[in-house]
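Engineer:
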RNA sequence: GCGCCCAUAGCUCAACUGGAUAGAGUGUUGGACUACGAAUCCAAAGGUUGCAGGUUCGAAUCCUGCUGGGCGCGCCA
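As structure tokens, this is what we get:
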């Protein structure tokens, strides 16, 4: 959106020129360097942009900010961009951009297509976003669902912002938990065959393990006779079945990964050994008590961590370092990891490892996902993974549907607790925010259907003249549409996908108000056409926004 | 004991990263369909931003100390 930035730039120019003018008049010291903030005010009555420059200059001039602001405004030469500027509050300078400029901006976006609103900040730089990565030892629960939604939507945002994004799922198929899984299935299997077994506490407790055992019996799958081999077989079998289930759940949730990356592959391709060699080589690994340690402490405020245990086994940390090294080797410039917030203590050691490998720790962005608590009938639903009583993503999906589930997961900042109200998400009524947004889309489509019956099609929109839109709410809808650009940019910069949700709710609220007040299809053909173009662009933004969220944009509801 | 995160309207949450009179939704109360979809809109009421200090023109936001909640601190993953 070059012209959007153009507006901000020319306001900066107005300010700068005013400063120069003041310097020439001897009011301002010639050597004054100032970097004022130009922002969009929260309050609508405060103009389109405002600056705090007067507050910054006040101490220099030993005058109060309001005086300084007044003086600056007197030196301002309003160019073609603004038609009004004033001093407000304790010394803010507010700029009012000409309506015509916004109108022309939108006309321009219409001509170029909605893509004109996508920021090109990414410049094709390669980003790897790794998320979910749940161990294939049980079905995805609701917390994984939240991570999946956040990761998927963030990926959508980043690609809209011009990044080259790859979505990856890391499968921990080499660790001890896979052996535990095999043992769990094995014992359940023995149980089903009528043997007395003692099922230990630290094995997987969920009923899905019994289902796996039953599947082996029902399908007459041959099991190796030696216990050791049987357990290994069960591990492989269970892991694969569960992983297939996870992939299916994700697909039904609308999340598709570009790649599934196996931990075992790190061993097979020698990447683990290479990584260890590299760390030793650089002198960041040392032996103590029969184990190999990594020197976390020389990079971060954290304790040294074990890479190879005294029994010769590598730790999870080791493969994780290797994995991240490999991400860089695959020429990704930015690595985004999405973790459950209970792993936050893990960040320093991984950042330390990345530095040890000679990479910039800032290239790794870790996004933490806080826990989700479920609310049903107004009461919290208990969740304990150990007892196997957790709510699965599948259950939520079956209960509330994909659209509501995804939307609800993105209604909160990811590092804040999310209270998921199942009853609310299930409601097909006005209380449900998903419908509020979707309804706006359906309403606009309905208007276009009616317009079509009156012989006005979208093929006539190029003739529309947005200058005819003079109502205040129409201008502010135009600004809202244009603002989509800044919202995507903000999301991409801060890695906060939830902002899209809030933006849509806000935008759509303005639309509903407008709709109730103003009739779109009227006798004035020219005005009708202008309003239809406005709604057409609005619809494009809503549709694109919902698309980013992975939520459908229905034409009828 | 040490470290990280959170605390905002009755409830669930925002606040563009230090800006102006802290905003939405929901709930409560009252109103709007003989024209484009009432799954909508309009209005009222609701606050010492957990507490106490500090930094400055200006703090929900930053610094310190409390209080209350979550999570970490393994040769687990």
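Numbering (my numbering), first residue to last: 148 to 704.
Glycine residues also receive a C-beta, built at the ideal position from the N, C-alpha and C atoms.
It should be emphasised that the depicted structure is a prediction, and the values quoted were computed from it without experimental measurement.
1) Assuming contact is defined by CB atoms lying nearer than 8 Å, are residue 679 and residue 598 in contact in what I supplied?
2) Suppose the cutoff is 8 Å on Cβ atoms and the five residues either side in sequence are ignored; what does the same chain contact list for residue 380 look like?
3) Are the segment 396-406 and the segment 451-459 touching, with three or more C-beta to C-beta distances below 8 Å?
4) For residue 684 and residue 669, I'd like the C-alpha separation in whole angstroms.
5) Can you give the Cα-Cα distance for residue 332 and residue 624, rounded to whole angstroms?
6) Return the Cβ separation of residue 385 and residue 359 in integer angstroms, given the expectation that the two are a contact with Cβ distance under 8 Å.
7) Output the residue ranges of the alpha helix (DSSP H) runs that lie fully inside the segment 386-415 and measure 4 residues or longer, sorted by chain position.
8) If you follow the beta strand (DSSP E) that residue 566 is part of, which residue opens it and which one closes it?
9) Which term fits residue 218, buried or exposed, when burial requires 16 or more other beta carbons within 10 angstroms of its beta carbon?
10) Just verifying my parser: in three-state terms, what is the DSSP assignment at residue 520?
11) In the DSSP output, which residue or residues are listed as bridge partners for residue 609?
12) Quick one: what does DSSP say residue 276 is sitting in, helix, strand or coil?
13) Hey, quick one: how far does the alpha helix (DSSP H) through residue 503 stretch, first residue to last?
14) With a CB to CB cut of under 6 Å and the five nearest residues on each side skipped, what residues in its chain are close to residue 472?
15) Using a Cβ-Cβ cut-off of 8 Å (strictly less than) and excluding sequence neighbours within five positions of residue 694, which residues of its own chain qualify?
16) What's the call for residue 535, buried or exposed, on a 16-neighbour Cβ count within 10 Å?
17) From which residue to which residue does the alpha helix (DSSP H) around residue 662 run?
18) Need the endpoints of the beta strand (DSSP E) that residue 318 sits in, please.
19) With DSSP collapsed to three states, give me the class of residue 477.
20) Which residues in the same chain have their Cβ closer than 6 Å to the Cβ of residue 494, if we skip the five residues on either side of it in sequence?
21) Rounded to whole angstroms, what's the CA-CA distance from residue 545 to residue 270? Just pull it up for me.
22) Check residue 528 in the structure and name its three-state DSSP category.
23) Let me know if residue 496 comes out buried or exposed under the rule of 16 or more other beta-carbons within 10 Å of its beta-carbon.
24) Look at the alpha carbon of residue 698 and the alpha carbon of residue 629, and state the distance between them as a whole number of angstroms.
25) Under the rule that 16 or more other beta-carbon atoms within 10 Å means buried, what is residue 291, buried or exposed?
26) With burial defined as no fewer than 16 other Cβ atoms inside 10 Å of the residue's Cβ, what is the status of residue 144: buried or exposed?
27) My output table needs one value for residue 196: the three-state DSSP class, helix, strand or coil.
28) Less than 8 Å between the C-beta atoms of residue 185 and residue 158, yes or no?
29) CB-CB under 7 Å to residue 540, same chain, minus the five flanking residues each way: which ones, in chain order?
30) Does residue 180 pass the burial test, meaning 16 or more other C-beta atoms within 10 Å, or should it be called exposed?
31) Pull up the CB-CB distance for residue 201 and residue 173, whole angstroms please, since I reckon it's below 8 Å.
32) If distances are taken between C-alpha atoms only, which option among 383, 224, 518, 639 comes closest to residue 322?
33) Check for me: the alpha helix (DSSP H) holding residue 677 runs from which residue to which?
34) So which of 338, 346, 681 has the shortest CA-CA distance to residue 327?
35) Is DSSP giving residue 617 helix, strand or coil here?
36) Tell me whether residue 247 is buried or exposed, calling it buried when 16 or more other Cβ atoms sit within 10 Å of its Cβ.
Structural biologist: Reading from the atomic positions:
1) Here residue 679 refers to the residue found at position 532 when the first chain is read from its first residue. Here residue 598 refers to the residue found at position 451 when the first chain is read from its first residue. A contact, by the Cβ cut-off of 8 Å.
2) As a working mapping, residue 380 is identified with position 233 in the first chain. If you ignore the 5 residues before and after residue 380, its C-beta comes within less than 8 Å of the C-beta of 329, 370, 371, all in its own chain and listed in chain order.
3) no
4) The count along the first chain starts at 1 and reaches residue 684 at position 537. The count along the first chain starts at 1 and reaches residue 669 at position 522. Straight-line Cα distance between these residues: approximately 19 Å.
5) What you label residue 332 is simply residue 185 of the first chain in a count that begins at 1. What you label residue 624 is simply residue 477 of the first chain in a count that begins at 1. Their backbone Cα atoms lie some 59 Å apart in a straight line.
6) Residue numbering aside, residue 385 sits at position 238 when the first chain is read from its first letter. Residue numbering aside, residue 359 sits at position 212 when the first chain is read from its first letter. Going by Cβ atoms, the distance from residue 385 to residue 359 rounds to 5 Å, so yes, they are a contact pair.
7) 410-415
8) Sequence index remark: in the first chain, residue 566 carries index 419 (1-based). Residues 565-568.
9) Here residue 218 corresponds to residue number 71 of the first chain, with the count starting at 1. Label assigned to residue 218: buried.
10) Taking the first chain and counting its residues from 1, the one referred to as residue 520 is at position 373. Residue 520: strand per DSSP, three-state reduction.
11) Position 462 of the first chain holds residue 609. BP columns for residue 609 are empty, so no partner.
12) For this step, residue 276 is matched to residue 129 along the first chain. Of the three classes helix, strand and coil, the one that applies to residue 276 here is strand, per DSSP.
13) Your numbering for residue 503 matches position 356 in the first chain. Unbroken alpha helix (DSSP H) run through residue 503: 494-503.
14) Counting from one through the first chain, the residue named residue 472 turns up at place 325. The residues are 422, 504.
15) Here residue 694 refers to the residue found at position 547 when the first chain is read from its first residue. Once the five neighbours on either side are set aside, the close Cβ partners of residue 694 are 303, 700.
16) One-based indexing of the first chain puts residue 535 at position 388. Confidence is the limiting factor: at residue 535 the pLDDT is only 39, short of 50, which leaves the residue's position unreliable, though a coordinate-based value still follows. Burial call: exposed.
17) As a working mapping, residue 662 is identified with position 515 in the first chain. 645-664 is the extent of the alpha helix (DSSP H) around residue 662.
18) As a first step, residue 318 is located in the first chain; it is residue number 171 there, counting from the start. Per DSSP, residue 318 belongs to the beta strand (DSSP E) from 311-318.
19) As a working note, residue 477 is residue 330 in the first chain. Correct three-state label for residue 477: coil.
20) Working through the first chain from its first residue, we reach residue 494 at position 347. Answer for residue 494: 513, listed in chain order.
21) Looking up residue 545 in the first chain gives position 398. Looking up residue 270 in the first chain gives position 123. Approximately 39 Å between the Cα atoms of the pair.
22) Working through the first chain from its first residue, we reach residue 528 at position 381. Here residue 528 sits in strand by DSSP.
23) As a working note, residue 496 is residue 349 in the first chain. Here residue 496 is buried. Its C-beta has 16 or more other C-beta atoms within 10 Å.
24) On the first chain, position 551 is the one that residue 698 refers to. On the first chain, position 482 is the one that residue 629 refers to. Take the alpha-carbon of residue 698 and the one of residue 629: they are about 21 Å apart.
25) Mapped onto the first chain, residue 291 falls at position 144. Its Cβ being crowded by 16 or more others within 10 Å, residue 291 is buried.
26) Because the chain in this structure spans residues 148 to 704, residue 144 falls outside the shown range and cannot be described.
27) Taking the first residue of the first chain as position 1, residue 196 is located at position 49. Correct three-state label for residue 196: strand.
28) Here the question's residue 185 lines up with position 38 in the first chain. Here the question's residue 158 lines up with position 11 in the first chain. Yes, these two residues count as a Cβ contact at 8 Å.
29) Your numbering for residue 540 matches position 393 in the first chain. Excluding positions up to five away in sequence, the list reads 287, 288, 289, 291, 292, 396, 400.
30) Your numbering for residue 180 matches position 33 in the first chain. Exposed.
31) By one-based count along the first chain, residue 201 stands at place 54. By one-based count along the first chain, residue 173 stands at place 26. About 18 Å separates the two Cβ atoms, so there is no contact after all.
32) Start at 1 with the first residue of the first chain, and residue 322 comes out as number 175. When only C-alpha atoms are compared, the closest one is 383.
33) Working through the first chain from its first residue, we reach residue 677 at position 530. Unbroken alpha helix (DSSP H) run through residue 677: 672-696.
34) What you label residue 327 is simply residue 180 of the first chain in a count that begins at 1. Ranking 338, 346, 681 by Cα distance to residue 327 puts 346 first.
35) The residue labelled residue 617 in the question sits at position 470 within the first chain. Three-state result, residue 617: coil.
36) As a first step, residue 247 is located in the first chain; it is residue number 100 there, counting from the start. So residue 247 counts as exposed.
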